[in-house]
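Scroll down for the structure; my scribbles are underneath it.
Number of protein chains: 2
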Amino acid sequence: MRQFIVLGHDAPTTPDFSLDDLAGGAGRLDVLCRCVNSAFFLSHDIREDVRVHLVLGDEVTIRFEGSELRRLNPDERSTAALIRGALEAKDEAIGHMEAEGSPGVYLSKRGFEPVLEETTREGTVVQLHEEGDPIVDVEPPENPVFVLSDHHDFEAEEAEMLGEAADQRVRLGPELLHADHAITVAHNYLDTEGFTSY
Amino acid sequence: MRQFIVLGHDAPTTPDFSLDDLAGGAGRLDVLCRCVNSAFFLSHDIREDVRVHLVLGDEVTIRFEGSELRRLNPDERSTAALIRGALEAKDEAIGHMEAEGSPGVYLSKRGFEPVLEETTREGTVVQLHEEGDPIVDVEPPENPVFVLSDHHDFEAEEAEMLGEAADQRVRLGPELLHADHAITVAHNYLDTEGFTSY
């Protein structure tokens, strides 16, 4: 399983936002929607063995489960509608119990730390870092967990938690990429392991 | 210069579409907007040495010029607004004369064939193809031109033109990708040439 945790620092934690203003009033939810797109979509297919955790304002986490998704479409607006639907079910999430907004889309009242802890138990955290080793030189783990930030850098505390949890530190290329593009490149790297002999 | 031609088979050729329904009434303009995003955006930067041609309905072509873009934002909606702005200036485009919709966004009344011919004179057409050579095994050309299709496959005539114009036939990986993801992977491949010794 490939997992992606994406931190949305300005993202809404309640459903009272407009789908017409994702890049403004909805706290750059457009960024997170594109990350969901990059994580799941193949041409005419969905990557079932993928899980995405969108951490909204370090308060609420929306989990997208590839094997269960039924209503995901590639455009930002419809993905934002799924997030809004999950936020509408927020009251049903109690403690570690998740609420289900739509098939394969779950909400829990958890911030970054517990989500990172949980994924660390199941997978290998790969930190994307400017000073990391070029990803092409690194043997990919079987169950990688990539942690990304929205349009903001990681906050100091987040960077510290991530640094401690990380088993590997890699760089995707010489250019610094948007989070959604980084997900696409990471997938390609994992897809193409051994591809030269394909 | 890196160039991307993207064919939008259902895309609108007039500005009378709603920004609230890009994936529906606007003929999957969301796909083309994501391609523009992938082609130009770096983290906190724009790739200036990139040109994108969106061919709408084989009738109208919108050219995005990286070095001149001023109002491009990453979200689909605002990119669609730039396309709509260019379509509003359509009457000013006469013959091969382009109209300018906003800084760096131009419209011409041309379909795929003349656009492909023009780019072929300036660059090397790299065809993305299921049976192509793995891209990691291929020496990238200096001025590559990638031709992609929206959510539809190339039509027979388009595929034939592309096959004739192509100097190289490559495959990005074992999975078939959406056009915008293919652009991201192609950029990463070009960016990372020699990156292991970076």
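Quick mapping for you: the protein sequence lines, in order, are chains A and B. Just so we're aligned, residue 1 is where the first sequence starts under the working numbering, counting upward by one. Just so we're aligned, residue 1001 is where the second sequence starts under the working numbering, counting upward by one. Glycine is no exception: its CB is placed at the ideal position from the N, C-alpha and C atoms.
Which listed residue (the options) has its alpha carbon closest to that of residue i
{"i": "B:E1027", "options": "B:E1092, B:I1083, B:A1165, B:R1171", "result": "For the record, residue 1027 of chain B in the displayed sequence is Gly; it is not Glu. The shortest C-alpha separation from B:G1027 is found at B:I1083."}
{"i": "B:L1148", "options": "B:K1090, B:H1053, B:N1037", "result": "B:H1053"}
{"i": "A:D20", "options": "A:L172, A:S102, A:R77, A:E100", "result": "A:R77"}
{"i": "A:G101", "options": "A:L42, A:L72, A:V185, A:D58", "result": "A:L72"}
{"i": "B:V1115", "options": "B:V1170, B:Y1189, B:F1146, B:G1025", "result": "B:F1146"}
{"i": "A:L176", "options": "A:H9, A:Y189, A:D167, A:E130", "result": "A:E130"}
{"i": "A:F4", "options": "A:V60, A:G132, A:E59, A:D49", "result": "A:D49"}
{"i": "A:V55", "options": "A:V31, A:F40, A:D133", "result": "A:V31"}
{"i": "B:S1188", "options": "B:V1006, B:C1033, B:R1047", "result": "Checking the displayed sequence, the identity of residue 1188 of chain B turns out to be Asn instead of Ser. Ranking B:V1006, B:C1033, B:R1047 by Cα distance to B:N1188 puts B:R1047 first."}
{"i": "B:V1074", "options": "B:E1065, B:D1045, B:E1059, B:D1058", "result": "Going by the sequence as given, residue 1074 of chain B is Pro instead of Val. The residue with the shortest Cα to Cα distance from B:P1074 is B:D1045."}
{"i": "B:E1157", "options": "B:A1039, B:A1011, B:R1034, B:D1058", "result": "B:D1058"}
{"i": "B:I1183", "options": "B:A1080, B:D1150, B:V1138", "result": "B:D1150"}
{"i": "A:E97", "options": "A:V185, A:T79, A:V60", "result": "It should be pointed out that residue 97 of chain A corresponds to Met in this sequence rather than to Glu. If we check each option's Cα against that of A:M97, A:V60 comes out closest."}
Rounded separation between residue i and residue j - CA only
{"i": "A:E155", "j": "B:F1017", "result": "40 Å"}
{"i": "A:R2", "j": "A:R51", "result": "6 Å"}
{"i": "A:L107", "j": "A:T14", "result": "11 Å"}
{"i": "A:A93", "j": "A:S67", "result": "21 Å"}
{"i": "A:A179", "j": "A:P140", "result": "19 Å"}
{"i": "A:G104", "j": "A:L162", "result": "26 Å"}
{"i": "A:L69", "j": "A:A99", "result": "15 Å"}
{"i": "A:E273", "j": "A:I62", "result": "Outside the displayed range of chain A (1 to 198) lies residue 273 of chain A, so it cannot be described from this structure."}
{"i": "A:E36", "j": "B:P1174", "result": "One point to set straight first is that residue 36 of chain A is Val, not Glu, in the sequence displayed. When rounded, the distance between both Cα atoms is 21 Å."}
{"i": "A:F195", "j": "A:Q127", "result": "For A:F195, the pLDDT reaches just 49, beneath the cut-off of 50, and the residue's location in the model is therefore unreliable, leaving the point undetermined."}
{"i": "A:S197", "j": "B:T1192", "result": "Per-residue confidence for A:S197 stands at a pLDDT of 37, beneath the threshold of 50, marking its modelled position as unreliable; no derived number is given."}
{"i": "A:F112", "j": "A:A165", "result": "12 Å"}
{"i": "A:R200", "j": "A:G85", "result": "Absent from the model: residue 200 of chain A. The displayed extent of chain A is 1 to 198, so no value can be given."}
{"i": "B:I1135", "j": "A:K109", "result": "43 Å"}
{"i": "A:T200", "j": "A:H9", "result": "Because residue 200 of chain A is not part of the residues shown, which for chain A are 1 to 198, the question remains open."}
{"i": "B:E1023", "j": "B:L1172", "result": "Checking the sequence, you will find Ala at residue 1023 of chain B rather than Glu. Approximately 26 Å between the Cα atoms of the pair."}
{"i": "B:L1029", "j": "B:V1006", "result": "11 Å"}
{"i": "A:C33", "j": "A:A11", "result": "11 Å"}
{"i": "A:F40", "j": "A:D137", "result": "25 Å"}
{"i": "B:A1159", "j": "B:V1125", "result": "13 Å"}
{"i": "B:T1258", "j": "A:F64", "result": "Any property of residue 1258 of chain B remains undetermined from this structure, which presents chain B solely from 1001 to 1198."}
{"i": "A:L190", "j": "B:V1185", "result": "12 Å"}
{"i": "A:S38", "j": "A:A81", "result": "17 Å"}
Secondary structure of residue i, DSSP reduced to three states
{"i": "A:G104", "result": "coil"}
{"i": "B:E1155", "result": "coil"}
{"i": "B:V1060", "result": "strand"}
{"i": "B:T1124", "result": "strand"}
{"i": "B:L1176", "result": "coil"}
{"i": "A:T196", "result": "Bear in mind that the predicted position of A:T196 carries a pLDDT of just 44, short of 50, making it unreliable; the figure below should be weighed with that in mind. Here A:T196 sits in helix by DSSP."}
{"i": "B:V1136", "result": "helix"}
{"i": "B:G1111", "result": "coil"}
{"i": "A:H129", "result": "strand"}
Cβ neighbour criterion (16 or more within 10 Å) applied to residue i
{"i": "A:N143", "result": "exposed"}
{"i": "A:S43", "result": "exposed"}
{"i": "A:H181", "result": "buried"}
{"i": "B:D1091", "result": "exposed"}
{"i": "A:H152", "result": "exposed"}
{"i": "A:R121", "result": "exposed"}
{"i": "B:G1095", "result": "exposed"}
{"i": "A:G25", "result": "exposed"}
{"i": "B:E1117", "result": "exposed"}
{"i": "A:D133", "result": "exposed"}
{"i": "B:D1167", "result": "exposed"}
{"i": "B:G1123", "result": "buried"}
message: What ranges does the alpha helix (DSSP H) occupy inside the segment 19-103 of chain A, keeping only unbroken runs of at least 4 residues that lie completely in it?
response: If we require 4 residues or more, the alpha helix (DSSP H) runs fully inside the segment 19-103 of chain A come out as 29-40, 76-88.
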